[in-house]
Amino acid sequence: MSLIPLILDCDPGVDDAVALALAFGARDRLHLLGITTTAGNVALAKTTRNACLIREVAGREDVPVHAGLAKPLVRAPILADDFHGPEGLGDYPSIEPLLSPASSDAINFLIQTIDSAPANTIRLAVTGPMTNIAALIQSAPETARRLQQIVLMGGARREGGNITASAEYNIYADPEAADIVFKSGCNLIIFGLDATHQVRGTKAWVDAITALGTPIAKLAAEMLAFSNALPANLMDTAEPDQPATGAPLHDPCVIAYLLAPEAFQLRPCRIDVETESQLTRGHTAVEFRETVAGAFNANWVSKADAEAVLSLLLRYLA
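Numbered by the numbering used here, the letters in the sequence shown go through residues 2 to 319 in order.
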């Protein structure tokens with residue numbers, strides 16, 4: 002089986018950290034061409050440092066990290082450090098990595114890397130706000146459409162929102178960027194809260210990952226344990242009277258899809274994002290009826306096999 006050429010755009014972030022750990026571990030399946038970072042869960046300097054640190058723990062210094070844009074296209078930055086901790090990695094020690102980023106020009110890296118490869122070969126995974134990807138599309142739309150696929154985490158339909166009543170964080174943090182991506186004509190696979198809430202890092206999962214004993218497994222387990230210890234009001238439960246069984250593994254689902262697409266069910270859809278209303282800004286309108294919505298522009302992940310995701314984590318963090 003040939004390796005999947007992949008670029009991962011992220012904002013680590015505890016669940017981004019687990020996604021990175023999975024991507025770094027799957028070296029027999031993924032050819033990681035590079036990591037690009039954006040501001041999101043914490044400021045850009047911290048997300049970039051965190052990506053470099055996770056790379057070091059995983060022993061994957063062969064993968065370059067490129068810092069991207071430091072703020073959303075229009076709005077002021079919206080951080081999520083109440084959920085991810087002040088440094089972005091929960092209680093994990095704030096250690097400066099030995100290797101620095103390869104550059105602070107993620108957009109140029111994306112353009113050069115995509116253009117240098119045959120069309121329709123590289124996949125792009127996006128686990129944070131879509132600021133870098135929107136900038137790529139604005140700068141080089143034809144380059145962006147050379148991507149085989151963009152698999153991203155963002156949005157919600159039935160689950161409402163996790164930062165406001167109607168918006169999921171990654172979309173809310175830069176709705177204008179999401180709007181550009183959704184209108185780009187690129188091949189989009191979208192993991193909204195409807196799918197990621199089906200995959201939760203229970204205590205049993207944390208214990209199983211901890212038992213692997215590797216440095217990267219320990220880091221991933223610490224991320225999950227930190228999330229599970231958060232107050233109930235920060236958990237992504239659909240209703241206040243429904244206790245969480247573990248924090249959702251939003252971002253690892255994106256990498257899991259690349260490794261095991263058969264573990265997920267997709268539905269063609271039309272997705273649009275609200276950018277004007279102060280009440281519902283960042284809301285994603287997801288419509289499965291083409292006669293109502295017009296032309297479909299994405300595939301929406303409707304179901305996820307949680308046990309399959311756990312199996313991948315246990316395999317690739319060992």
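Even for Gly, the Cβ is constructed at its ideal location relative to N, Cα and C. These numbers come from a predicted model, not from an experiment.
Integer-rounded CB distance, given that residue j should sit under 8 angstroms from residue i
{"i": "residue 13", "j": "residue 68", "result": "Not a contact, Cβ separation roughly 12 angstroms."}
{"i": "residue 276", "j": "residue 195", "result": "With a Cβ gap of about 21 angstroms, residue 276 and residue 195 do not count as contacting."}
{"i": "residue 210", "j": "residue 313", "result": "Contact doesn't hold; Cβ gap of about 11 angstroms is too wide."}
{"i": "residue 257", "j": "residue 225", "result": "About 15 angstroms separates the two Cβ atoms, so there is no contact after all."}
{"i": "residue 220", "j": "residue 93", "result": "7 angstroms"}
Bridge partner(s) assigned by DSSP for residue i
{"i": "residue 301", "result": "191 and 268"}
{"i": "residue 316", "result": "Per DSSP, none; premise fails for residue 316."}
{"i": "residue 130", "result": "Note: residue 130 sits in no beta bridge, so no partner."}
{"i": "residue 19", "result": "DSSP, once it has assigned bridges, lists no residue as partnering residue 19."}
{"i": "residue 41", "result": "Bridge partners of residue 41: none, in fact."}
{"i": "residue 11", "result": "38"}
{"i": "residue 6", "result": "32"}
{"i": "residue 67", "result": "37 and 104"}
{"i": "residue 288", "result": "271"}
{"i": "residue 202", "result": "248"}
Between the CA atoms of residue j and residue i - distance to the nearest angstrom
{"i": "residue 62", "j": "residue 100", "result": "8 angstroms"}
{"i": "residue 131", "j": "residue 178", "result": "5 angstroms"}
{"i": "residue 203", "j": "residue 140", "result": "42 angstroms"}
{"i": "residue 144", "j": "residue 294", "result": "27 angstroms"}
{"i": "residue 319", "j": "residue 218", "result": "7 angstroms"}
{"i": "residue 205", "j": "residue 78", "result": "35 angstroms"}
{"i": "residue 255", "j": "residue 291", "result": "25 angstroms"}
{"i": "residue 36", "j": "residue 53", "result": "9 angstroms"}
{"i": "residue 80", "j": "residue 20", "result": "19 angstroms"}
{"i": "residue 8", "j": "residue 272", "result": "23 angstroms"}
{"i": "residue 10", "j": "residue 104", "result": "14 angstroms"}
{"i": "residue 284", "j": "residue 88", "result": "27 angstroms"}
{"i": "residue 71", "j": "residue 48", "result": "10 angstroms"}
{"i": "residue 241", "j": "residue 207", "result": "Confidence at residue 241 is low in this model, with a pLDDT of 49, below 50, so the placement of that residue should be treated as unreliable; the coordinate-derived value is given next. When rounded, the distance between both Cα atoms is 24 angstroms."}
{"i": "residue 296", "j": "residue 57", "result": "44 angstroms"}
{"i": "residue 113", "j": "residue 222", "result": "35 angstroms"}
{"i": "residue 22", "j": "residue 311", "result": "13 angstroms"}
{"i": "residue 279", "j": "residue 60", "result": "44 angstroms"}
{"i": "residue 96", "j": "residue 50", "result": "9 angstroms"}
{"i": "residue 85", "j": "residue 253", "result": "15 angstroms"}
{"i": "residue 109", "j": "residue 300", "result": "28 angstroms"}
{"i": "residue 142", "j": "residue 111", "result": "12 angstroms"}
{"i": "residue 282", "j": "residue 183", "result": "15 angstroms"}
{"i": "residue 162", "j": "residue 138", "result": "26 angstroms"}
{"i": "residue 274", "j": "residue 76", "result": "15 angstroms"}
{"i": "residue 66", "j": "residue 45", "result": "12 angstroms"}
{"i": "residue 24", "j": "residue 228", "result": "20 angstroms"}
{"i": "residue 116", "j": "residue 147", "result": "8 angstroms"}
{"i": "residue 298", "j": "residue 288", "result": "10 angstroms"}
{"i": "residue 165", "j": "residue 171", "result": "12 angstroms"}
{"i": "residue 260", "j": "residue 201", "result": "18 angstroms"}
{"i": "residue 135", "j": "residue 16", "result": "22 angstroms"}
{"i": "residue 98", "j": "residue 55", "result": "9 angstroms"}
{"i": "residue 262", "j": "residue 124", "result": "13 angstroms"}
{"i": "residue 2", "j": "residue 119", "result": "18 angstroms"}
Min CB distance residue i to chain C below 8 angstroms
{"i": "residue 247", "result": "Here chain C cannot be found, since the structure has a single protein chain."}
Any non-hydrogen atom of the ligand PLP closer than 7 angstroms to residue i Cβ
{"i": "residue 165", "result": "This structure does not include the ligand PLP; it has no bound ligands of any sort."}
The stretch 149-164 / the stretch 176-194 touching (three or more Cβ pairs under 8 angstroms) | yes
How about the stretch 18-30 and the stretch 172-187: do they share at least three Cβ pairs that are nearer than 8 angstroms?
-> no
The stretch 114-131 contacting the stretch 33-44, beta-carbon criterion three pairs below 8 angstroms = yes
Identify every run of the beta strand (DSSP E) within the stretch 118-162, keeping only runs that are complete inside it and at least 3 residues long; order them along the chain.
-> 124-127 and 150-154
Quick one: any contact between the stretch 260-272 and the stretch 300-312, if contact means 3 or more CB pairs under 8 angstroms?
-> yes
Return the chain-ordered ranges of every alpha helix (DSSP H) run that is complete within the stretch 213-237 and spans a minimum of 4 residues.
-> 216-229
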